[in-house]
Every structure is written in C-alpha cells, then in structure tokens.
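**Student:**
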Amino acid sequence: MPRRPDRDGQLHSTGTSVSGTSGTSIFGESGARGHNSAVKVFVPGMLLAVLLGLTGSCFAASNYAIVSGVVRDAHGTPQMGAVVELLSADAGAIATAFTDDQGRYRLASIIPGQYQIRATAAFLVPVTRANLKLQAGAAAIVNLTMSTLFEAENWLPAQKRRADEPVDDWKWTLRSTANRPLLRLVGSDDDKAPNSSDTEEGHRLGLQGRVTVSGSDGAFGEGGVHQTLILNHTLRNGDNTVMRAEIGDPRPGVPEGASVEMTAGYERRSPLGGSMRMVSSYQSHPELTYGDGTGLQVLQLASAEQLNLGDAVMIDAGTLIQAERLAASRFTSEPFVRVKVKPTSNVMVEYRYATGRTLQSSDDLDDLKPPVGVLSDAAGRPLDAKGSHQEVSITRKLGGERSITVAAYHDEFSNAALEGNGLIDRNDLEELSAGGLGMVTDPTTGAFRLTADGYTGRGVSATLVEPLTSSLSAWVEYDLGTALRSSLEPSFAVSDVQNQIAPHTVQAASVSLRGKIQRTGTSLKAEYRWQPVRTLTQVNAYNADAGEAYVGFYVRQRLWRGRFLPQGLDAVVEATNLLEQGYQPVLAPDGQTLFLAQMPRAFQGGLAFNF
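And the structure:
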C-alpha cells in the first residue's frame with residue numbers, strides 16, 4: 012500500500028477498504044509495523060466472514076424459487092394491472108402480484124413444490140396454468156395469454172350470465188364452461204392456455220370478426236333466420252371495442268319487415284385491476300304486435316365500473332338507461348351495486364342491490380345481444396318492469412374447485428311477465444286489449460307475453476358445485492321463494508288470468524352438468540330445473556336464467572378448421588323446456604286454445620364462421 016508523508020510528519024495510507032470503497036487510514040510511524048500486522052490478521056478474517064455471509068445468503072436463496080413472466084392478450088398486447096395469483100394444489104392463494112405497464116410480473120421467495128398460476132383481468136377470460144413444478148433455486152418464466160371478450164364469443168345463441176356466479180377473481184368453476192355467458196365460452200384451443208410466445212405471432216392482428224347464421228322457433232322476438240356480424244378491435248393500450256349487428260328475416264307469409272339489432276361497446280381497464288365499460292344498443296322489432304299497433308323500438312345505454320380495494324374488497328356499480336317505444340314512449344333507469352368482501356382465502360361475503368334483471372353486474376355487459384323484455388298495458392303503452400332485489404350471500408370453498416353458496420334475498424316487482432304460446436289473430440288481440448288485458452305477440456314464433464300485477468317475494472337459496480373432471484362440473488341448486496301460481500281450469504278464458512293467479516311460497520331445484528368434453532371438444536350445459544307445474548314465474552327470478560325451465564340443453568361443437576378458415580366453424584344447438592312441461596291451457600276469444608307456461612318450448616341453432 013503506498014504511503015506519503017504529511018505536513019505533520021505522519022504517514023497516510025490510501026487505497027481501497029475491504030467493503031470496496033475508497034478510504035484513508037491515519038497512524039503514526041512508530042505504530043506502522045504493528046498496524047500492518049493487525050491488518051494482516053484482520054483482512055483475511057474479514058474476508059472469511061464476508062464469504063461465509065455470502066455463502067449463507069446464497070444457500071438461503073437457493074431454498075426458494077422465483078416465478079416471473081409477461082401477461083398478454085391473444086393479439087400480443089401487454090396487459091397492465093392484471094392480477095397474477097400463485098395457487099396451491101387445493102386452490103389456496105400463496106402469492107399475488109400485479110402486472111406493470113409492460114405486462115410483467117414477478118413472484119419471489121416461493122417454497123419449492125407444485126402449484127398452479129392464474130391471471131385475471133377485467134373484460135378478459137381468466138387463464139390458469141396447472142402443474143407448475145418449482146425446484147429450489149429455480150427461476151421459472153411463465154408467460155400467460157388471455158382471451159379478450161370477442162375471442163370468447165363463439166356461442167349461438169346468447170345466454171344471459173347467472174347473477175349469482177362469482178366474479179373473475181373468485182372463479183372456483185372453470186371460466187370456459189357452460190355456466191358462463193355464451194360469448195365467454197372459448198374454443199378448444201383457447202382452453203389450452205398456451206404461452207404468449209406460442210401464439211403471439213398468430214394473433215397480433217388487432218381486428219377479428221365473426222359471421223353467424225341462426226334460426227329459432229318458439230323464442231319470443233327471435234323468429235326467422237338471423238344473420239349476425241361481430242367485430243372486435245383491441246387497441247395498442249389494451250382497450251377493447253366491440254361492434255355487433257344483426258338482421259332477422261321473418262318467416263314467409265309474415266308481412267312485417269326484418270328485425271334489426273345493433274350494439275357497440277367500449278372497455279378500459281384501470282392500473283389497479285378495475286375496469287370501466289360502456290355499451291349502447293338499439294333494436295327494432297316490427298314483427299311484434301300489441302292492441303291495434305305493431306312494432307317495438309328500444310334504445311339502451313349501459314355503463315358500469317369496478318373498483319378493487321386490494322385483494323379483500325371489490326365494488327361494482329353501474330346503471331342502465333333505456334328508452335322504449337310501442338304506442339307511446341317510456342324512459343327509465345336501472346342502477347345496481349355489488350360489494351364483495353373476502354375476509355379469508357376461502358370465504359367471500361357479498362351484498363347485491365339491483366333494480367332490473369337485465370343489468371345486475373359489470374359481467375352482464377358481456378352479453379352483447381340485448382334482451383327483448385317488453386311489457387305493455389291494454390292501450391299498447393310500454394310498462395316499467397323495474398323492481399328491486401337485495402341479497403346477502405356467503406360463499407365458501409371446500410377445496411379445489413368445490414364450493415357452496417348460501418343466500419337470502421328480498422324481491423319486489425312492479426309488473427310481472429307471463430309467457431305463453433299460441434297463435435292469436437288481430438281481432439282477438441284487439442278484443443283482449445279492449446277488455447283491459449296487456450299483451451304483446453310475436454306472430455313469427457307464436458309466442459306471446461301477458462302483463463300481470465307485480466308482487467313482493469323473499470326467499471333463500473343454496474348452490475353446490477362439484478367438479479367431475481378438470482373441465483366438467485356438476486351443479487346442484489335449491490331455492491325456496493315466491494312465485495306466481497295459478498288456479499286456472501282448462502275452460503278459463505285468457506282474459507280472466509289476472510283473477511286466477513297469486514303469489515305463493517314454493518320450492519325449486521335444479522341439477523346440471525356444465526363444462527367441456529375434452530376428447531371431442533364439445534362444450535355443453537344439460538340441466539333439469541323443477542318447479543311446481545302451476546307456477547308461471549321463476550322462483551328467485553333475479554338469479555335464474557330466463558331460459559331455464561325443466562329440461563334444457565346447450566351444445567357447441569367445432570365442425571371444421573382449414574386453411575381458408577383458420578379460426579374454425581362452430582355449430583350450436585339450444586333447447587328450452589324440451590318436454591313442454593308446466594303448460595296450462597286457456598281459451599282465446601275465438602275459442603282457440605292457448606298455453607301459459609313458466610317458459611314455452613323453444614329451439615335455436617346456427618353456425619358461426621370465425622375469421
């Protein structure tokens with residue numbers, strides 16, 4: 012070490028300290044040799060201590076693993092604010108991270124073992140990677156690809172999301188099963204959840220489309236052949252826009268023109284994992300008749316926003332503004348709010364308030380097809396179907412994908428809709444309207460809808476989900492609540508219906524299989540929902556799908572995929588109340604027999620061309 016004399020005769024040694032930083036030590040000349048001896052002893056000891064410390068740190072670090080990667084959508088766009096969870100074999104949360112503005116995440120200090128990793132984000136289908144084996148000292152890179160709303164929309168026809176299903180970060184059943192909205196059911200390739208590096212080059216296009224051709228029989232407002240075009244555009248910043256247009260051709264012999272439906276949606280996600288969505292829709296059904304007039308027009312504007320307060324609280328709120336015109340115009344708004352609290356990793360408590368069945372959560376905006384939910388008074392003026400629904404539920408995971416939910420609710424309906432089937436000519440319809448009965452008919456399918464007085468109800472429900480395979484689950488549901496029940500005799504006239512129905516406390520139960528058959532790639536939902544045959548409305552109507560009644564099924568099958576149609580061709584078939592159970596005959600003014608039912612039998616089917 013070089014030394015230089017100072018002005019006071021002392022020697023200064025300059026150099027580098029053991030820690031690697033420059034420094035100066037001062038000592039007298041007489042003590043220089045003694046100090047050098049001390050340094051000779053001190054430096055090796057210090058180096059040994061540092062080496063032992065580093066070795067201990069490395070040894071401790073080698074006992075853990077690290078997981079990192081990038082979350083993208085199917086077009087290769089990084090997803091900022093996505094929630095990435097590392098789950099144990101029994102689906103318990105081990106670690107959680109949020110992606111940055113480049114879609115990157117990192118989970119450190121992971122104990123070696125076998126895990127599964129899941130990514131969730133608003134307006135995207137969650138993806139789960141199973142059988143992730145981590146060894147001590149390993150640094151695993153797991154890139155995840157999430158399907159956007161459009162890539163998941165390849166079902167026909169649309170099925171409304173069940174209001175009692177958990178949200179994205181509480182998916183204890185597979186998102187790609189038939190219990191989800193039909194537009195969320197992804198194809199067989201999407202279910203594999205490949206790395207983004209595997210599919211990035213093939214899906215970088217920001218615009219995709221789908222053309223569908225479908226037919227229907229028996230479903231109100233869905234008669235004839237329908238052609239649908241859907242376009243989805245993913246922007247560079249991760250926002251999504253969706254446009255849907257549908258034209259329905261009436262059956263031969265029906266003088267009314269074609270029905271038209273148009274929907275446009277926009278979604279933006281916040282950096283903290285929440286989202287803001289806006290969807291506007293317009294529909295025109297000139298085939299619908301009422302009193303002495305024809306034609307229905309509806310304009311809707313819906314907005315919703317989710318706010319996540321950490322991992323424990325989620326707030327979801329929004330409103331639906333609707334303008335409806337029959338013989339007159341009606342304007343209404345239907346707000347909703349949901350609050351979910353997760354006190355432990357296995358328990359969730361939820362409070363829900365909704366004023367309409369159409370929009371009860373942000374997830375309901377996934378259904379791009381607007382429902383035809385018209386009610387009319389005797390003069391042909393649209394009536395308000397607005398009510399209120401308040402519910403408190405508790406959900407508990409039982410291990411793996413098994414879960415149980417119990418709920419208590421209170422409902423109010425300002426007006427009730429009674430479904431029916433049977434051809435009614437114009438003279439009979441005018442006579443019924445003159446007698447004070449509100450009715451809207453669909454001559455293309457023979458379906459009609461009666462208006463009944465509103466009622467108040469309350470009840471409890473329980474739901475058990477039991478996985479059968481990795482992609483197929485059994486659902487068992489029980490409801491005890493209020494529904495309208497009739498005391499009609501076969502000889503009663505339809506004009507006397509209002510005097511023969513009243514709210515009663517009744518039971519309902521359903522058993523269903525929902526999911527996918529991996530070997531054939533078939534997505535299905537087969538269900539039997541029982542209610543007393545005299546009931547004309549659904550028990551727990553805010554949580555029951557409008558198309559659920561007795562025997563029903565939904566089947567989607569990929570038929571073909573080739574060079575000119577790489578995204579494939581799908582076929583979909585849907586049936587509701589297949590055995591025509593719960594039918595109650597009544598007489599029209601001309602003596603013809605009509606049938607009232609909780610849900611009349613209906614068939615729908617079609618093909619989807621994806622490009």
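In this note's numbering, the protein residues as written are 12 to 622. We treat Cβ as the ideally placed atom computed from N, Cα and C, and that holds for glycine.
1. DSSP beta-bridge partners for Gly329?
2. Could you give the residue range of the alpha helix (DSSP H) that holds Leu394?
3. Using the DSSP secondary-structure output, state which residues sit across from Arg129 in a beta bridge.
4. Residue range of the beta strand (DSSP E) that Ser444 falls in?
5. In the structure shown, what three-state DSSP assignment does Trp181 receive?
6. May I have the straight-line CA-CA distance separating Thr107 from Gly411, to the nearest angstrom?
7. Spell out whether any CB of chain C is found under 8 Å from the CB atom of Tyr126.
8. Identify, in the order they occur along the chain, each residue of the same chain with its Cβ nearer than 7 Å to the Cβ of Gly447, setting aside the five sequence neighbours on each side.
9. How is Asp101 classed by DSSP in three states: helix, strand or coil?
10. Under 8 Å, do Asp322 and Glu441 count as touching if we go by C-beta distance?
11. So, is Gln317 buried or exposed, given that buried needs 16 or more other C-beta atoms within 10 angstroms?
12. Would you call Gly457 buried or exposed, if buried means 16 or more other Cβ atoms sit within 10 Å of its Cβ?
13. I need the straight-line Cα distance from Phe503 to Ala619, nearest angstrom please.
14. Using a 10 Å radius around the Cβ and a threshold of 16 neighbouring Cβ atoms, would you call Lys144 buried or exposed?
15. At the level of alpha carbons, what is the spacing between Ile258 and Ser344?
16. What are the boundary residues of the beta strand (DSSP E) that Ser227 is part of?
17. Name the one or two DSSP bridge partners that Val550 has.
18. Nearest by alpha-carbon distance to Gly6: which of Pro137, Leu307, Arg221 and Glu585 is it?
19. Can you tell me where the beta strand (DSSP E) with Gly276 in it begins and where it stops?
20. Count Cβ pairs between the region 76–95 and the region 108–119 that sit closer than 8 Å; are there 3 or more?
21. Give the secondary structure of Val505 by DSSP, where H, G and I count as helix, E and B as strand, and everything else as coil.
22. I'd like to confirm something about Thr366: is its beta-carbon nearer than 7 Å to some heavy atom of the ligand MG, or not?
23. Just the Cα atoms here: how many angstroms apart are Ser356 and Lys408?
24. Report the residue from Arg336, Val309 and Arg349 whose alpha carbon sits nearest the alpha carbon of Ile326.
25. Can you tell me whether Asp375 is buried or exposed, with buried defined as 16 or more other CB within 10 angstroms of its CB?
26. Going by beta-carbon coordinates alone, are Val451 and Leu605 separated by less than 8 Å?
27. Does the region 540–554 come into contact with the region 422–434, if we say contact requires no fewer than three beta-carbon pairs (one atom in each stretch) closer than 8 Å?
28. Should Gln595 go down as buried or exposed, given a rule of 16 or more other Cβ atoms within 10 Å for buried?
29. Taking its Cβ as the centre, do 16 or more other Cβ atoms sit within 10 Å of Trp486, making it buried, or is it exposed?
30. For Glu500, does the count of other Cβ atoms within 10 angstroms reach 16, so buried, or fall short, so exposed?
31. Alpha carbon to alpha carbon, how far is Gly492 from Leu135?
32. Please classify Phe622 as buried or exposed, where buried requires at least 16 other C-beta atoms within 10 Å of its C-beta.
33. Three-state secondary structure (DSSP) at Gln529?
34. Assuming Val383 and Gly232 make a contact with CB atoms under 8 Å, what is their CB distance in whole Å?
35. Does the region 556–568 come within contact of the region 576–588, defined as at least 3 CB pairs closer than 8 Å?
36. By Cβ distance below 6 Å, which residues in the same chain neighbour Thr467 in space, the five residues on each side in sequence not counted?
**Tutor:** Let me lay it out:
1. When beta bridges are read from the DSSP output, Gly329 appears opposite Ala315 and Phe347.
2. Taken as a continuous stretch (DSSP letters only), Leu394 belongs to no alpha helix (DSSP H), as it is neither H nor E.
3. Looking at the DSSP output, Arg129 shares a beta bridge with Glu96 and Thr139.
4. Per DSSP, Ser444 belongs to no beta strand (DSSP E); it is in the alpha helix (DSSP H), Arg437 to Ala445.
5. Only weak support exists for where Trp181 lies, its pLDDT of 29 falling under 50; the value from the coordinates is given anyway. For Trp181, the secondary structure class from DSSP, reduced to helix, strand or coil, is helix.
6. Each residue's Cα considered, the two are about 18 Å apart.
7. Absent from the structure: chain C. Only one protein chain is present.
8. For Gly447, same chain residues with a beta-carbon under 7 Å away, outside a window of 5 residues either side, are Ala389 in chain order.
9. In this structure, DSSP gives Asp101 a state outside helix and strand, which the three-state scheme calls coil.
10. At a Cβ-Cβ threshold of 8 Å, Asp322 and Glu441 do not count as neighbours.
11. In this structure Gln317 is buried. Its beta-carbon is surrounded by 16 or more other beta-carbon atoms within 10 angstroms.
12. Buried is the call here.
13. Computed Cα separation, rounded: 44 Å.
14. Label assigned to Lys144: exposed.
15. Rounded to the nearest angstrom, the two C-alpha atoms are 27 Å apart.
16. Looking at the DSSP string, the run of the beta strand (DSSP E) that includes Ser227 is Leu218 to Asp228.
17. The partner list for Val550 (beta bridge, DSSP) is empty, contrary to what the question assumes.
18. No answer is possible for residue 6: it lies beyond the span of the chain, which begins at 12 and ends at 622.
19. It spans Ser270 to Arg280 - the beta strand (DSSP E) in which Gly276 sits, taken as one unbroken run.
20. Contact annotation: the region 76–95 touches the region 108–119, with at least three C-beta pairs closer than 8 Å.
21. Under the three-state reduction of DSSP output, Val505 falls in the helix class.
22. Inclusion of the ligand MG in the displayed structure is not the case, the ligand content being empty and no account of it being possible.
23. Taking the straight line from one Cα to the other gives about 9 Å.
24. Taking the Cα of Ile326 as reference, the smallest distance to any Cα among Arg336, Val309 and Arg349 is reached at Arg349.
25. A residue is called buried when at least 16 other Cβ atoms come within 10 angstroms of its Cβ; Asp375 meets this threshold and is buried.
26. Taking the C-beta atoms as reference points, Leu605 is found no nearer than 8 Å to Val451.
27. Three or more beta-carbon pairs drawn from the region 540–554 and the region 422–434 are found closer than 8 Å, and the two stretches are therefore classed as touching.
28. Residue environment for Gln595: buried (at least 16 other C-beta atoms within 10 angstroms of its C-beta).
29. Burial call: buried.
30. By the 10 Å Cβ count, Glu500 comes out exposed.
31. In this structure, the CA atom of Gly492 is about 34 Å from the CA atom of Leu135.
32. Phe622 comes out exposed.
33. Three-state DSSP puts Gln529 in coil, outside helix and strand.
34. The Cβ separation is near 3 Å, so the contact holds.
35. Per the Cβ contact rule, the region 556–568 is in contact with the region 576–588 (3 or more Cβ pairs under 8 Å).
36. For Thr467, where only same-chain residues beyond five positions count, the Cβ hits under 6 Å are Glu423.
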